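Residue numbers (this note's numbering), protein chains in the order written: chain A, 17 to 118; chain B, 3 to 216.
All C-beta atoms in this analysis are idealised placements derived from N, C-alpha and C, irrespective of residue type, glycine included.
The model shown is predicted, which means the values in this text are computed figures rather than measured ones.
Structure record follows, encoded as structure tokens.
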Ligand SMILES: [Zn+2]
């Protein structure tokens, strides 16, 4: 019984499903579980935070635009971008500005 | 117009007077050329809403550029650094606009037993697969309940599972984005280590879910 309650506290069936603008539908529970497990399998002991990535994002983006191997040069930045949608979105915008405006 | 070297940008922006005003005006024009790439696909460009937003973002960016000028280390073009600040300001604002009506997912609202399992789509899963998956979910869920704080569970649910922007979730939880990333990293590490202790790898658990319905 405890398990069920615990399950519900986490994956409880939302009666009032809010409209998530991201994709218009809420992922079902096994999809959410898969997302979380994927994140877990990509989790590293040492990860940079958003602020640490922001501090070098301009440099990272320029190197990437020059065709440098940024994954090899700045693997922790690349990893954070793979884990963090907020930073990833900001990186992609900066990348397109460098490509089109600079 | 943007032919200044990094050193010239810094010198002009520090100069004060007309020299600084001119540099700010030029920087403003440069930022304005970049902002459409932040707005594209997020709100309708050329709408009155977007015009007001752009002005707000430019103002904020110029203020921050002056405020953080001393932190610029010259490891990129100065203009790239300024664009970075503009992009952060823009996406922060656009996320706020887009998500402001959406509440953080609530947890612990209902205690109605087994219903959520029956809600799961059956797809073509064999009964054995379904049992495996239920057992695994229970097991993972127990680990989550035992290892994580309520704050960590809430964050994981909102961000990792439901795609809530980190920054928006953080703001609602009364913390900043950086702190929330750290909190979630800590949560992920705890879960991963506990699973390892129980002889489970994320990949192995994932395979139980991937078999089903694929
Ligand atoms: Zn981040």
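- The CB of residue 106 of chain A comes closer than 7 Å to the CB of 89, 90, 93 in chain B, given here in chain order.
- Within the same chain, 196 come within 6 Å of residue 145 of chain B by CB-CB distance, once the 5 residues on both sides are set aside.
- For residue 39 of chain B, the enclosing alpha helix (DSSP H) has its first and last residue at 19 to 41.
- Where residue 91 of chain A is concerned, the enclosing alpha helix (DSSP H) starts and stops at 91 to 99.
- Secondary structure of residue 107 of chain A (DSSP, three-state): helix.
- Its chain contains 94 as the residues whose beta carbon lies nearer than 7 Å to that of residue 87 of chain A, once the 5 sequence neighbours on both sides are disregarded; these appear in chain order.
- Across the stretch 167 to 187 of chain B, CB contacts with chain A closer than 7 Å involve 167, 168, 169, 179, 180, 183, 184, 187, in sequence order along the chain.
- In this structure residue 75 of chain A is buried. Its beta-carbon is surrounded by 16 or more other beta-carbon atoms within 10 angstroms.
- Using beta-carbon distances, residue 74 of chain A counts as an interface residue toward chain B, with a partner under 9 Å.
- Pairing residue 198 of chain B with residue 107 of chain A, the inter-Cα distance amounts to about 33 Å.
- Shown here for residue 189 of chain B: same chain residues with a beta carbon closer than 6 Å to its own, the five before and five after excluded, namely 150, 154, 158 in chain order.
- Residue environment for residue 5 of chain B: exposed (fewer than 16 other C-beta atoms within 10 angstroms of its C-beta).
- Residues of the stretch 84 to 104 of chain A whose Cβ lies closer than 9 Å to any Cβ of chain B, in chain order: 96, 99, 100, 101, 102, 103.
- A residue is called buried once 16 or more other Cβ atoms fall within 10 Å of its Cβ, and residue 36 of chain B is buried on that count.
- Under the criterion of beta carbons closer than 8 Å, residue 185 of chain B and residue 56 of chain A do not qualify as touching, at roughly 15 Å.
- Chain order is used for the residues whose beta-carbon lies nearer than 6 Å to a heavy atom of ligand 1, namely A:66, A:69, A:96, A:100, A:102, A:103, B:183.
- With fewer than 16 other Cβ atoms from the protein chains shown falling within 10 Å of its own Cβ, residue 129 of chain B counts as exposed.
- Chain-ordered listing is empty here: chain A has no CB closer than 7 Å to the CB of residue 13 of chain B, the nearest sitting near 20 Å.
- Counting C-beta atoms within 10 angstroms of its own C-beta, residue 7 of chain B has fewer than 16 neighbours from the protein chains shown and is therefore classed as exposed.
- When Cβ-Cβ separations below 9 Å define contact, residue 77 of chain A makes contact with chain B.
- Sorting A:63, A:109, A:45 by C-alpha distance to the C-alpha of residue 191 of chain B places A:63 at the top.
- Under a criterion of Cβ atoms nearer than 7 Å, the residues of chain A adjacent to residue 205 of chain B are, in order, 57.
- The three-state reading of DSSP puts residue 88 of chain A in helix, counting H, G and I together.
- Excluding residues up to 5 positions away in sequence, 159, 160, 164 lie with their Cβ nearer than 6 Å to the Cβ of residue 107 of chain B in the same chain.
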